[in-house]
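Here's the structure we're looking at; comments come further down.
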Amino acid sequence: MAFEKVRVRFAPSPTGPLHIGGVRTALYNYLFAKQHGGDLIFRIEDTDSARFVPGAEEYIRESFDWLGIHFDEGVGYGGNHGPYRQSERREIYKIYVKQLLDTGKAYIAFDTPEELDAKRSGQDNFQYDAGTRLQMRNSLTLSKEEVDSLIASGHQYVVRFLIEPGEDVVVDDMIRGKVTINSSVLDDKVLYKSADELPTYHLANIVDDHLMEVTHVIRGEEWLPSAPLHVLLYRAFGWADTMPRFAHLPLLLKPIGNGKLSKRDGDKLGFPVFPLEWHDPKSGEISSGYREKGYLPQAVVNFLALLGWNPGNDQELMTMDEMVRLFDLEKCSKNGAKFDYVKAAWFNHQYLLQQTDEAWVPAFDALLKAQGIESTPEKEAEVVRMMKQKVVEYVDAQGNKKKRNISFVSDLWPLTKFFFVAPAAFDREDKFIRKNWNETAAREMQALADILATVEDFSVEGQKTVVDAWVESQGVRPWNAWRICLVGEGQGPDMYELSAHLGKEEVLRRMAFAIQTLG
Ligand code: GLU
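Residues 13 to 531 in the numbering used here are what the sequence shown spells out, letter by letter.
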């Protein structure tokens, strides 16, 4: 009889920052749980004390808080299947190790690392299994008295899973279908080590999934090779009836070339592979994060959801609720998903534009402060309104200059510098200036300045009435030269909007400076 309520888990090992692939795994678990009215559990798999990294667990939780991926129970969330940190479950695992020993499904082995090394160097492809276990020092080859006395005298040992050879083990995967492996290729995996009184990943993982009533194991493809062993463990415990269903997600692949996405790809091409900035406690190395890079959490979640799954049509922008509704675990791809970081920026652009202009202000203000500029929230929001649809240049992976939409608040600098800092010099070699500044332009700018000086209402409409009339009657085209005066180069928003924003005094000052400097 299977467990009734859908229960899934995300079970990271706190060995460092959470990789973006791990975030996708957690997200798929979340979508699946919500879709079925089920529970999502947060379990910390910290039985490998050698790989423990301080701060990693906190980092992982902070990442999910930021991303809006909420757990129903687990470390930091409570629940009645705890404790949820494996290092706090030692006594529980001991019961189940004993069960396997008592039923002859596992045995105790005393082989020292040196003895194992000697075996390996003496025999090509040595594997601890049905073919070799009877040549080793274990409870299958030693008498009960010898075993007891070795343990009593403090010899360290491990408990190994006894795998019967020659059996086809079928993993029924929701994404990959039936994956069959012959048990003869598996080795007698270590399940427990007396040295630290802790189980290994395999045992702890299966015991916990069972005790926590997990119904579906959704995890990365890298765990597929462990799945046959896990199926055999379920059987050895007599839990085959409630064995979870497996779903192994496709790999995340490099943006260019072949192979798995790595931190090196991110460093080379300039995108983060971690949700938050990570400060390595040992090396002091800092790795960039999506949050610090200026991504909105909704954009990251939306982008990740589509790496390995799509709703079956062209829809790309989806809220979390829509994704919960549309997600289909069984329609996930088997093939790896290329990590398209340019597309990630596009998603962020979309989500930035969905925000109000005011919502950009805190990040924009911080950006300006870093340049030593003080402004007001109102002015900053207005600059955002005028400039958020602009494009910026970037260099692609092949080193080519390309253009893209503003995708991060930080793209606004230096695009908006002239709003806050008047041009202090002009580049006479600049194409736009060479083309648009000459004696006539200078004369027209003086005339325009004289007219603007008389304008009382300096709003867009107020200026427009007066200036448009002058433009009509004189047949002049003052726009580009005016832009040089106020911006210093050939970019920026609508001239009336810019002029109204800067205000009469500043506009006249900038015009006088340009006329005087450029002549
Ligand atoms: N602790 C494993 C990890 O770090 C969990 C794998 C699983 O989901 O079974 O990903």
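All C-beta atoms in this analysis are idealised placements derived from N, C-alpha and C, irrespective of residue type, glycine included.
My understanding is that residue i touches residue j, with C-beta atoms under 8 Å, so please give their C-beta distance in whole angstroms.
i	j	result
LEU152	TYR119	5 Å
TYR302	PRO323	23 Å between Cβ atoms; not a contact.
LEU520	LEU498	The Cβ separation is near 11 Å, so there is no contact.
THR431	ILE230	Residue identity check: residue 431 is Phe in the sequence provided, not Thr. Their Cβ separation, rounded to whole angstroms, is 48 Å, which puts PHE431 and ILE230 out of contact at 8 Å.
LEU424	MET399	6 Å
LEU379	SER345	With a Cβ gap of about 38 Å, LEU379 and SER345 do not count as contacting.
ALA216	GLN98	5 Å
VAL395	THR428	5 Å
GLN475	ALA512	7 Å
Would you report the Cα separation of residue i and residue j, rounded to the nearest angstrom?
i	j	result
VAL65	MET523	60 Å
HIS260	GLU289	28 Å
GLU456	GLN401	30 Å
GLY33	ALA317	11 Å
VAL243	LYS266	31 Å
ARG440	ALA371	38 Å
LYS447	ALA459	20 Å
ALA113	GLU157	Rather than Ala, the amino acid found at residue 113 in this sequence is Leu. Approximately 16 Å, taken between the alpha carbons.
VAL336	TYR363	19 Å
GLU468	ILE72	58 Å
ILE463	LEU329	48 Å
TRP491	THR452	13 Å
ALA382	PHE15	55 Å
ASP58	SER25	6 Å
ASP326	TYR213	40 Å
LEU128	ASP51	43 Å
VAL483	THR477	10 Å
HIS31	TRP235	15 Å
PHE83	LEU365	29 Å
GLU518	GLU304	35 Å
SER155	PHE249	25 Å
LYS343	ILE56	28 Å
In the structure shown, what three-state DSSP assignment does residue i receive?
i	result
PRO309	helix
PRO125	helix
HIS291	strand
GLY143	coil
LEU79	helix
THR192	strand
GLU462	The question names Glu, yet the displayed sequence has Asp at residue 462. In this structure, ASP462 counts as helix in the three-state DSSP scheme.
ASN41	helix
ASN417	strand
GLU297	coil
ASN360	helix
ASP51	strand
LYS110	helix
GLY348	coil
VAL396	helix
VAL226	coil
ASN322	coil
LEU152	coil
TYR119	strand
LYS272	strand
GLN441	The residue asked about is misnamed: residue 441 is Glu in this sequence, not Gln. Coil at GLU441, not helix or strand.
ARG172	strand
ARG102	helix
ASP184	strand
ALA434	coil
Can you tell me which of the options puts its alpha carbon nearest to the alpha carbon of residue i?
i	options	result
GLY320	GLY531, ALA349, LYS190, ALA382	ALA349
SER238	ASN194, VAL373, TYR169	ASN194
LYS117	ASP136, ILE104, ALA142	ALA142
THR254	GLU225, ASP184, LEU265	GLU225
LEU352	PHE315, THR452, PHE444, ARG337	Per the sequence shown, residue 352 should be read as Asp rather than Leu. When only C-alpha atoms are compared, the closest one is PHE315.
ARG102	LYS17, PHE258, PRO211	PRO211
ASP200	VAL171, ARG63, VAL182, ARG231	VAL171
ASP333	ASP369, CYS344, LYS46, SER165	LYS46
VAL181	ARG149, ILE175, PRO240	PRO240
LEU263	PHE249, GLY269, GLY232, PRO95	GLY232
PHE138	VAL197, ASP184, MET186, ILE104	VAL197
ALA130	MET507, MET148, GLY178	MET148
TYR140	ALA121, ARG247, LYS355	ALA121
PRO293	LEU245, LEU39, THR27	THR27
GLY296	ILE107, GLY67, ASP51, ALA378	GLY67
GLY531	PHE438, LYS190, VAL433	PHE438
LYS355	ARG416, TRP251, ILE107, ASP506	ARG416
ASN347	LYS17, ASN270, GLY502, ASP84	ASN270
GLN528	LYS443, ALA465, PRO435	PRO435
LEU162	SER133, SER206, VAL202, GLU405	SER206
Does the beta-carbon of residue i, which I'm using as the reference point, lie nearer than 7 Å to any heavy atom of ligand 3?
i	result
GLY411	For the structure depicted, ligand 3 is absent and the ligand set comprises only ligand 1.
Would you say residue i lies against chain D (beta-carbon separation less than 8 Å)?
i	result
ALA252	Included in the structure is just one protein chain, with no chain D present.
key: Heavy atoms of ligand 1 versus C-beta positions, residues under 7 Å   = After applying the 7 Å Cβ criterion, the set is ALA23, PRO24, SER25, GLY34, GLU57, TYR213, ASN217, VAL229, ARG231, GLY232, TRP235.
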